[in-house]
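Step one of this worksheet: look at the structure below.
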Amino acid sequence: MGTSLGTVVVTGAAGRIGSVVRVGLRGEAERLVLVDRVGLAAQSPAEEVRQLDLRDAEAVTAALEGADAVVHLGGVPDEAPLPELLDGNVKGTHNVLEGARRQGVGRVVLASSNRLTGFYPVSTTVTPELPPRPDGLYGVSKVAVEALGRLYADKFGLSVVCLRIGSFEDAPTEQRHLATWLSPRDCLGFVRAALTAIDINFATVYAVSANTRRFWDIEAGSALGYTPMDDAETFTPRIPPAGDAAEHDVQGGAYASAEYTLRHV
Ligand SMILES: NC(=O)c1ccc[n+]([C@@H]2O[C@H](COP(=O)([O-])OP(=O)(O)OC[C@H]3O[C@@H](n4cnc5c(N)ncnc54)[C@H](O)[C@@H]3O)[C@@H](O)[C@H]2O)c1
Numbered sequence: 001m002g003t004s005l006g007t008v009v010v011t012g013a014a015g016r017i018g019s020v021v022r023v024g025l026r027g028e029a030e031r032l033v034l035v036d037r038v039g040l041a042a043q044s045p046a047e048e049v050r051q052l053d054l055r056d057a058e059a060v061t062a063a064l065e066g067a068d069a070v071v072h073l074g075g076v077p078d079e080a081p082l083p084e085l086l087d088g089n090v091k092g093t094h095n096v097l098e099g100a101r102r103q104g105v106g107r108v109v110l111a112s113s114n115r116l117t118g119f120y121p122v123s124t125t126v127t128p129e130l131p132p133r134p135d136g137l138y139g140v141s142k143v144a145v146e147a148l149g150r151l152y153a154d155k156f157g158l159s160v161v162c163l164r165i166g167s168f169e170d171a172p173t174e175q176r177h178l179a180t181w182l183s184p185r186d187c188l189g190f191v192r193a194a195l196t197a198i199d200i201n202f203a204t205v206y207a208v209s210a211n212t213r214r215f216w217d218i219e220a221g222s223a224l225g226y227t228p229m230d231d232a233e234t235f236t237p238r239i240p241p242a243g244d245a246a247e248h249d250v251q252g253g254a255y256a257s258a259e260y261t262l263r264h265v
């Protein structure tokens, strides 16, 4: 793919998804700036490392200098006390968007989550246009992440793509994953499309593999330029059967249970 992506900043580069994106974009970005609060070491001449906290607005803005795009993956990836989510996800995303505005970054890709709509019944095919129904406080923080992205697109003309990431795993391991799995290959496909799609002011896309049982619409992703390839169905024989708990009625599954949130309140 050459070096057409220019300078790309990846936040949360030490994380599960960040590590895959880092390797995937290596060789495609002229300069890859890896941001995390965890220390990393550059592994190629194109890589630069910035160890910083996303809550530090000045440090974030400095890391975005000269960037053509930022893939913002850093933050709290699951249910947590609200102050941690506000700090890590809402404030962190605001710092990235404001830094991108100041530095004139051409594309901002935000890691959103399927958990923003986890209270829809499994029988509903959810499109990005439907109202949020978060399955917990984490999902609420991602509603704010997307709203910040929309604000910066509408008010300041930034080009923003929100990826509502499914269950990112090497392979599906539980019943819910049969609908929600996002394979590493499809994840990279969505990130590349989010970086390269042209004429975008604001877009929201479900980043999910082409699972036969998926309950999210993938049309928006196709419009962005990526159609997923993997299907969790091929792993069905390896996955333990589901019980008949009520949690299986909603898309968030166990994440939507009262207990899942109450232990953080
Ligand atoms: N993994 C999934 O299935 C999934 C699903 C939906 C959405 N997401 C979203 O994708 C993103 C990446 O998820 P992941 O699974 O790779 O998570 P992860 O926890 O593995 O990685 C997150 C990274 O962000 C860094 N980080 C956290 N807070 C920071 C801060 N204040 N300053 C600097 N760095 C900070 C962490 O050190 C970590 O390396 C997250 O935004 C998450 O909410 C993930």
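Residue numbers (UniProt numbering): 1 to 265.
Cβ coordinates follow ideal geometry from the N, Cα and C atoms, glycine included.
The DSSP-derived three-state label of E259 is helix. In this structure, the beta-carbon distance from A223 to P128 does not fall below 8 Å. Exposed is the label assigned to L130, since fewer than 16 other Cβ atoms lie within 10 Å of its Cβ. In this structure, P83 is the residue among V161, P83, V70, A67 with its C-alpha nearest to the C-alpha of H264. Counting the other CB atoms within 10 Å of its CB gives P184 a total of 16 or more, which places it among the buried residues. The three-state reading of DSSP puts F168 in strand, counting E and B together.
A distance of 8 Å or more separates the beta carbons of S167 and K142. Checking the 7 Å criterion, the Cβ of D36 is within range of a heavy atom belonging to ligand 1. No heavy atom of ligand 1 is found nearer than 7 Å to the CB of P81. F215 has its CB no nearer than 7 Å to any heavy atom of ligand 1.
The Cβ atoms of A179 and N211 sit closer than 8 Å to each other.
With a cutoff of 8 Å on beta-carbon distance, G136 and T261 are scored as near each other.
By the neighbour-count criterion, in which 16 or more other beta carbons inside 10 Å mark a residue as buried, S123 falls on the exposed side.
Taking 7 Å as the cut-off, the C-beta of P132 does not count as close to any heavy atom of ligand 1. Straight across, the Cα-Cα distance linking E28 with A258 is about 44 Å. Fewer than three Cβ pairs drawn from the segment 223 to 234 and the segment 60 to 73 lie within less than 8 Å of each other, which leaves the two stretches out of contact. For V33 and S159, the gap between their C-alpha atoms comes out near 19 Å.
Between R26 and V10, the gap from beta carbon to beta carbon reaches 8 Å or more.
Counting every other CB atom within 10 Å of its CB across the protein chains shown gives P134 a total of 16 or more, marking it as buried. Within its own chain, no residue has a Cβ closer than 6 Å to the Cβ of E98 once the five positions on either side in sequence are excluded. With 16 or more other Cβ atoms from the protein chains shown falling within 10 Å of its own Cβ, T93 counts as buried. Looking at the DSSP output, Q51 sits in a beta bridge with D36.
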